[in-house]
Structure formats: structure tokens, C-alpha cells
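Below is one structure; the comments refer to it alone.
Right, dumping it as C-alpha cells:
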């Protein structure tokens, strides 16, 4: 007698949907059919492998034959199984794989004693099919707006070649993946995370992410030049839609937007240089009597001293809540110089370029009460200076002697010491302030780039040919990234003071976001990530207090 039996199995694969780019789960089913002599049973399960190879089901066939007298019974089963599955895509690509057909056969032999029914032996059947399929995987992900190193969570915007932009965030398992598609024609310029809420600003609109959708929070006539997060509030300066020039200070708290009219006239106060110092907001604004430096302590707005000469001039702050706080103020008699607020009142702290000339301090950084900055005088050009906590000792670190400027940049603190890059007339190199002197730490033939990034106890920077270097406090070494990737200049940033993030180009010419843990670089986007963002484990998996991150 002949019986037909069927066994089936299911394999699930996870990938990114070709249209939405969001994580989807697809099931592939393997089916095997066997014909047995006598009464037999065949079971088989199909297994689908990502990106290509499909293995047919494995079945066990048992045949039962009937004999007369003494004899031997044999049961034979043959079957065909077809498996179809969808492989996992990388980033925004689409891959479809179709399983092949495999033939299974098994023979079992059993021995009977006496007269009766003989049960055949067991044979194992295995068939392997060939998978065919094509699709586009990987590809460059153009990294746009990104949260800064002060953000408690990681999030970024990735744009694929067709112009579609998506918001990527870090999940609770430490992986990064796209979670929402940005509205059409939106080019994110700033991203900020407040508590569990992500905000994205383009040229005219501030958006809030609600689930997988974006909700309009505020529409501005002139864009969003300045934004800052202080506690559970997002601050920004903007003019209402249709009222260009009436720029004032606004605050988002929860779902409520509040506008503060520092200048009650229609001109607006033009708030700028929004900076968080602890739980205080510092900024510059013109209430109608000139540009001043302001602070908000959570309850009260207070003008504490002069601001820069123009409302749109860049200002710098450094210090601690309640004082002292150092800032740059301009007055006609002294020019733009360093001021100090002690918690009650402000005063001119040092007039580096004496008289009405301006030294225009920048890059203000305070460590152990001492303030480091860059400033310009007619005799020295632009160099690094420092002033002690008492305000009675002013030091000049003249890298390029005479009135030539060394153009110092990226003044950075590491282990309570000041580092910067500067050009002494040959090439830009890395320098450290030590024993009241500026000491060169590199002598690279092609020099180094301007930017320095401190991560943990290391200082990272790029050479002029985009090779990466690290300084650990005692020596400079070239970094072996452990991957074939070239960092892109100007993209190194610190995340949570433990991870170095950078944008890089791999050996396929694809660009994306990478992380470096001190020993090996890991691709977070692109084909080099080895799978979709939803399955790629990142270096943030141990950051239990962290959430998302925008690139």
C-alpha cells in the first residue's frame, strides 16, 4: 500500500522593509513530501540562512510492510521539499532569496521472526536546495544632524541615495536602527533629546518624535540658530512664522511652548549663544539698551554684564552654577575682553589688549580655577593665554614668536592639562601647556588637523592624511582601527566620554557612522555593519542609562 506524508518547518528572518526601512520579520516555510511503501511517516524541517543559502528539510521515514511467513520487510521513502525565505537586508537595501528544490530518499530494512507484520528500519533524508535571488544591500548612509557629546542619548539622521532621511536611535539592547522616516523635504539641522523625547529642527520647523511619527512643535520665520537643553527644558530663539525679525527666547517643556519677550518691541531681542552651565541658561540678548549677557536660574532672568559688540557675534562662557562664570563682554573703552561674574556682580577681569582695542577671547575653558583662552594682541598675534583664579597672573604661551599668529585651535582639557593645536610656522602640531610653557607633542611631516577630541583618558586627532592618532598622557601613537576604514576630517566626537564616534569611508567607498572602543572600530551603518541596524550590536550596549543617538 502506498501513503503520502508531509513534514514542514518554519524559519524566521529579520530585515528592513524596502519601503519604510523599519524592522520587519518574515517567515520562510520548508515542506517535504515523501512516498512510502507500506504505511510510513516522514517529518522534515526547512532552515533558511540569511543572504543566500537555503537548506532543505531533514526527514525521518519509517516504512511498514506486511510479510507472510518468515521474511524481511523493506520500506523506502522519496520526497521533494521546497523552501522560500527572505534574507536580512543591510541598511536601506532589499534582498529576496528563493529556495531551491531538494530530493530526499531513505531506505530502512527490518528483520521479522515468525509470521506477522514487519516494521522497516529508519532512514534519514536530507535535501539541499540552491537559492537564487538578487537585491541591493548596504550602500552609503549620509550622516546628517547629530546629538552632541553632552546628550545623554544617541541619535542621528541617515539619508540614503534616493534622498529619503530616517531618524536612527539606540535601542535598549544597545543596537542602533532607524525608527522613523522624516517628513518629505525635511533636512535636519539640529537634534536634541530631552528626557525621553527627541526633537528635530530644520530650516523652518521644530518637530517632536511621537511614536514613529513627527509632530510640529513650532514654525519659525527665520530658522533655529541657537538651541540648548537645560534640565527637562529645550530652549531656542526664533521668530513666529510670518513675523521675520521678531526673534525672542522660547522654551519647550512637555507639550507647552512659552515665549519670553525680553524686548517688548517688534524688533525682538535676538537671543544668541545659548549655553547650559549646570542648571542655568546663559545667553546674550538686546532688551533695547544694547547687547548684554543674561542668565536664567530656573526662576528669574537677570542681565549680569555687557555682551559682545553685535547681537549676532559669537560669545563664550565657562564656569559653574552660582559663580564664578567667565564671559566675553564689550565696552567702548576696553573693547571685547574677559569678564567675571562672582555670583552677585560682574567686573572686567583682564584687559589683554590694553585700551579700547579688543583681544576677542575665544575657547574659554576653566580647570582648577584657572581659565585658558585664545586671544589677540598687536604684539603677539593670536595665541593661548591663561589667568589664575585670583586674577593677578596672566600667562602668554607664544607658539609663534613675535606678532605672527599660531592660530591655536581646539583648546581641550585632559587630565587637568590644556592641549591645543597650533602652527609655529612650519606645520600645525599638537601642543600641551606644561610648567608654564607650550610644549610640542608631535612633529609630523604633514602636520595635524585642527580638531581634538577627548574620550576617557585619551586625546584623538587626525593627521593631515586622515590617519588617526591618540595621545594617552605620555605618548602619541598611530591608531590601528582594526578595520579598512578612512575617517572623515572634522567628524570625530565623544559619546558618554567612553566611545569615539566618527564618520568614515570603507573599502567599498561607502560612508557611514563608526565607533571605536580603543581597540577596534565597528561600523554602525552601511554594509560593513554586517547586517541591519536592528541587529548590529554597538558599543553602547552596557550604557543602561542611555537611550538614542542621532547622526
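In my numbering, the protein residues as written are 2 to 552.
Heads up, the beta-carbon is just placed ideally off N, CA and C, and yes, glycines get one too.
Residue i, buried or exposed, once every other Cβ within 10 Å from all chains shown has been counted against 16
i: residue 274; result: buried
i: residue 441; result: exposed
i: residue 516; result: buried
i: residue 96; result: Note that residue 96 has pLDDT 33, beneath the 50 cutoff, so the model's placement of it is unreliable and the number below is only indicative. Its Cβ being crowded by 16 or more others within 10 Å, residue 96 is buried.
i: residue 260; result: exposed
i: residue 227; result: buried
i: residue 265; result: exposed
i: residue 154; result: buried
i: residue 336; result: buried
i: residue 491; result: exposed
i: residue 331; result: buried
i: residue 162; result: exposed
i: residue 178; result: buried
i: residue 357; result: exposed
i: residue 238; result: buried
i: residue 188; result: exposed
i: residue 301; result: exposed
i: residue 270; result: buried
i: residue 321; result: exposed
i: residue 509; result: exposed
i: residue 167; result: buried
Nearest-angstrom Cβ-Cβ length linking residue i and residue j, presumed shorter than 8 Å
i: residue 464; j: residue 447; result: 6 Å
i: residue 404; j: residue 380; result: 6 Å
i: residue 263; j: residue 254; result: Not quite, the Cβ-Cβ distance comes to about 18 Å (not below 8 Å), so this is no contact.
i: residue 318; j: residue 377; result: Going by Cβ atoms, the distance from residue 318 to residue 377 rounds to 19 Å, so no, they are not a contact pair.
i: residue 412; j: residue 443; result: That pair is no contact at about 16 Å.
i: residue 611; j: residue 304; result: The first residue shown for the chain is 2 and the last is 552, placing residue 611 beyond what the model contains.
i: residue 351; j: residue 395; result: 6 Å
i: residue 500; j: residue 514; result: No, residue 500 and residue 514 are not in contact; Cβ-Cβ is about 11 Å, not under 8 Å.
i: residue 485; j: residue 507; result: 6 Å
i: residue 333; j: residue 340; result: Contact flag wrong, Cβ pair sits at about 15 Å.
i: residue 146; j: residue 190; result: 6 Å
i: residue 294; j: residue 279; result: In fact, because the Cβ distance is near 16 Å, the residues do not count as touching under 8 Å.
Collapsed DSSP secondary structure at residue i in the structure displayed
i: residue 161; result: coil
i: residue 489; result: coil
i: residue 363; result: strand
i: residue 201; result: strand
i: residue 148; result: coil
i: residue 219; result: strand
i: residue 308; result: coil
i: residue 225; result: coil
i: residue 557; result: Because residue 557 is not part of the residues shown, which for the chain are 2 to 552, the question remains open.
i: residue 258; result: strand
i: residue 293; result: strand
i: residue 480; result: coil
i: residue 57; result: Only weak support exists for where residue 57 lies, its pLDDT of 41 falling under 50; the coordinates are left without a value.
i: residue 438; result: strand
i: residue 452; result: coil
i: residue 206; result: strand
i: residue 123; result: Interpretation of residue 123 is limited by its pLDDT of 46, a score under 50 that renders its predicted location unreliable; the figure taken from the coordinates is listed afterwards. It is a strand residue.
i: residue 457; result: coil
i: residue 253; result: strand
i: residue 241; result: strand
i: residue 187; result: coil
i: residue 212; result: coil
i: residue 268; result: coil
i: residue 301; result: coil
i: residue 323; result: coil
i: residue 143; result: strand
i: residue 155; result: coil
i: residue 232; result: coil
i: residue 464; result: strand
i: residue 246; result: coil
Terminal residues of the beta strand (DSSP E) in which residue i lies
i: residue 475; result: Taken as a continuous stretch (DSSP letters only), residue 475 belongs to no beta strand (DSSP E), as it is neither H nor E.
i: residue 422; result: 418-424
i: residue 182; result: 177-182
i: residue 168; result: 166-171
i: residue 274; result: 273-278
i: residue 496; result: 494-496
i: residue 445; result: Where residue 445 is concerned, there is no enclosing beta strand (DSSP E), given that its DSSP letter is neither H nor E.
i: residue 191; result: 191-195
i: residue 522; result: 522-524
i: residue 286; result: 281-287
i: residue 507; result: 500-507
i: residue 320; result: 318-320
i: residue 514; result: 512-517
Practice task
Only counting runs of 4 or more residues, tell me where the alpha helix (DSSP H) segments fall wholly within the region 333-412, in order along the chain.
Solution key: none
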